[in-house]
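Everything below concerns the one structure shown next.
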Amino acid sequence: MPLLEVNNLSVHFGSRARPVRAVDGISFTVSAGEVVALVGESGSGKSATALSLARLLPEPAARFASGSIKFAGREVLTLSESEMRQLRGGRIAYVFQEPSAALNPVLSIGAQIDEALRERRRAIDRKTELFRLLRAVGLGDTERVARAYPHELSGGMQQRAVIAMALAGKPQLLVADEPTTALDVTVQAQVLNVLLDVQRTEGMGMLFITHNLGIVAGVAQRVLVMYAGQIVEAGSVEDVLQTPRHPYTKALVAAVPRLRGGSARLEGIPGAAPTATNYPTGCRFHPRCAFARERCSREEPMWESVDEQGSGVRCHFWKELS
Ligand SMILES: Nc1ncnc2c1ncn2[C@@H]1O[C@H](COP(=O)(O)OP(=O)(O)O)[C@@H](O)[C@H]1O
Ligand SMILES: [Mg+2]
-14 MPLLEVNNLS VHFGSRARPV RAVDGISFTV SAGEVVALVG ESGSGKSATA LSLARLLPEP
46 AARFASGSIK FAGREVLTLS ESEMRQLRGG RIAYVFQEPS AALNPVLSIG AQIDEALRER
106 RRAIDRKTEL FRLLRAVGLG DTERVARAYP HELSGGMQQR AVIAMALAGK PQLLVADEPT
166 TALDVTVQAQ VLNVLLDVQR TEGMGMLFIT HNLGIVAGVA QRVLVMYAGQ IVEAGSVEDV
226 LQTPRHPYTK ALVAAVPRLR GGSARLEGIP GAAPTATNYP TGCRFHPRCA FARERCSREE
286 PMWESVDEQG SGVRCHFWKE LS
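The opening residue of the sequence shown carries number -14 in this note's numbering; numbering runs sequentially from there.
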C-alpha cells in the first residue's frame, strides 16, 4: 500500500458557476522512502495540490470537487478536526519556498524546533534531539544556531532550520514546495542535498515540487508533469527525461540545455499557460502544441496508463510522436 494515494482529486476555488479549476482530476501515489517530483509552470496547480494533502487550503473557499486523498490507508478528506491536527502536527510536514515566512521572527531557532518537538507523543530527550536535528541539516555550530533568531541567519541557513523543524514531528511524508527557489543560487544545491540526505536517513516519502525540470534528475525516482490542473505525463525520471511522451514534456526537456547533451540552444515554449477559469476545449495544451491537429481542439485526451507503476500520458497522438 502506498503511503499517499491521490485519486481523481479536483480542487476548485471561487464560485461554482465559474470555478477556478486549480486541480482537475489528478491521481498519483508516493510510497514510503520514495521521492516523487511534481513539475509544471507557475499556475499549473502544484501548490494547490501540495496544500490539499494536509488540507491546508482555506475551506470553503477551496472545494474538493472530486476525488480522494488516502494517507497511510485513511481518507484525509473525511478526517475529523482532531485527526487532522495529528496529521498536520507531524505525519505530513511541509517545506515552502520562503523560509522567513515559516519562521517566527521573535523566537530563537532552538525554541521553534523545541516547540515542534513537544508535539511528539513519545517522550524524548528534546535537547539531544534538537542538536541531532541541527547537525542533520548541516547546522553544525549547534549551540550558536539554537540561540540565534531567524534574521541572524542567511536564507540558506534559515531553510536548513525550517527543514529541521519539519523533521521534528518525525513525518512520514515531506512535501517540499519549491524549497530552493527563493535561495541564492550558490546555496540551492547544498540545501537540496540536505533535503535528500534527511529524506534517505529518515526513510520518508517526499513530494518534491519544482518549476524546473532540470533539477529533477538525481532528486526524484518518479516525475509527474502538471499542466493546467492536470497531470499530462508521469513516469520514471529516466524515461521522462530521455524519452518524453507528451509534447509539453518534450518542450520542457528541450528547454533544459544540459539534458540534451550540452547544446546550449534554448527553446522556450511559445504562448502562455491558460488560466484556471478558462481552459481551452479539447487538449488544454493544444494552442501551444507544435503537433496539434484538428482532433486536439475538439476532444479531450484521456489518461492512458503505460505500466502498473503509474506511468502514463494524456495525449491523442503520443504513440505516433514517439
Ligand atoms: N486561494 C486561492 N483562491 C483562488 N485561486 C487560487 C487560490 N490559490 C491558487 N489559486 C489559483 O489556482 C491555480 C493554481 O495555483 P497554484 O497551485 O498556486 O499553482 P503553482 O503552484 O503551480 O504555481 C492558479 O490559477 C491560481 O491563481
Ligand atoms: Mg506554487
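Ideal Cβ placement from N, Cα and C applies to all residues, glycine included. All values derive from a computational prediction rather than experimental measurement.
| query | result |
| --- | --- |
| Taking 8 Å as the threshold (beta carbon to beta carbon), is Ser27 in contact with chain B? | No chain B is present in this structure, which holds just one protein chain. |
| What I want to know is whether the C-beta of Gly30 ends up closer than 7 Å to one or more non-hydrogen atoms of ligand 1. | yes |
| Using the Cβ count rule (16 or more neighbours within 10 Å means buried), how would you classify Thr195? | buried |
| Considering only residues of the same chain and omitting the five flanking positions on each side of Tyr233, which have a CB-CB separation below 6 Å? | Tyr212, Val217 and Phe270 |
| Hey, could you find the ends of the beta strand (DSSP E) Asp9 is sitting in? | Val5 to Val15 |
| Going along the chain, which residues of its own chain have a beta-carbon closer than 6 Å to the beta-carbon of Ala39, five neighbours each way excluded? | Leu72, Arg73 and Ile77 |
| Rounded to whole angstroms, what's the CA-CA distance from Leu306 to Ala236? Just pull it up for me. | 13 Å |
| Quick one: Cα of Ser(-5) to Cα of Ala2, how far? | 16 Å |
| When you compare only the Cα positions, how much space is there between Gly28 and Arg105? | 35 Å |
| Just the Cα atoms here: how many angstroms apart are Arg230 and Ala240? | 15 Å |
| Taking the C-alpha atoms as reference points, what is the distance between Pro164 and Gly58? | 27 Å |
| Between the beta-carbon of Ile148 and the beta-carbon of Leu181, is there less than 8 Å? | no |
| Can you tell me which of Arg132, Pro135, Arg107 and Gly141 puts its alpha carbon nearest to the alpha carbon of Val122? | Gly141 |
| Could you work out which residue in Ile54, Ala17, Thr63 and Ser139 is closest to Gly10 when comparing CA atoms only? | Ile54 |
| Beta-carbon separation of Ser93 and Arg48 under 8 Å? | no |
| Under the criterion of a Cβ to heavy atom distance below 7 Å, does Gly52 qualify as lining ligand 1? | no |
| When you compare only the Cα positions, how much space is there between Tyr134 and Val298? | 47 Å |
| As an exercise, report each continuous alpha helix (DSSP H) stretch of at least 4 residues that is fully enclosed by the segment 14 to 53, in chain order. | 31 to 38 |
| Can you name the start and end residues of the alpha helix (DSSP H) that Ser(-5) belongs to? | That residue, Ser(-5), is in no alpha helix (DSSP H); its beta strand (DSSP E) goes Leu(-11) to Phe(-2). |
| Would you say Val80 and Ala161 are within 8 Å of each other, going by their C-beta atoms? | yes |
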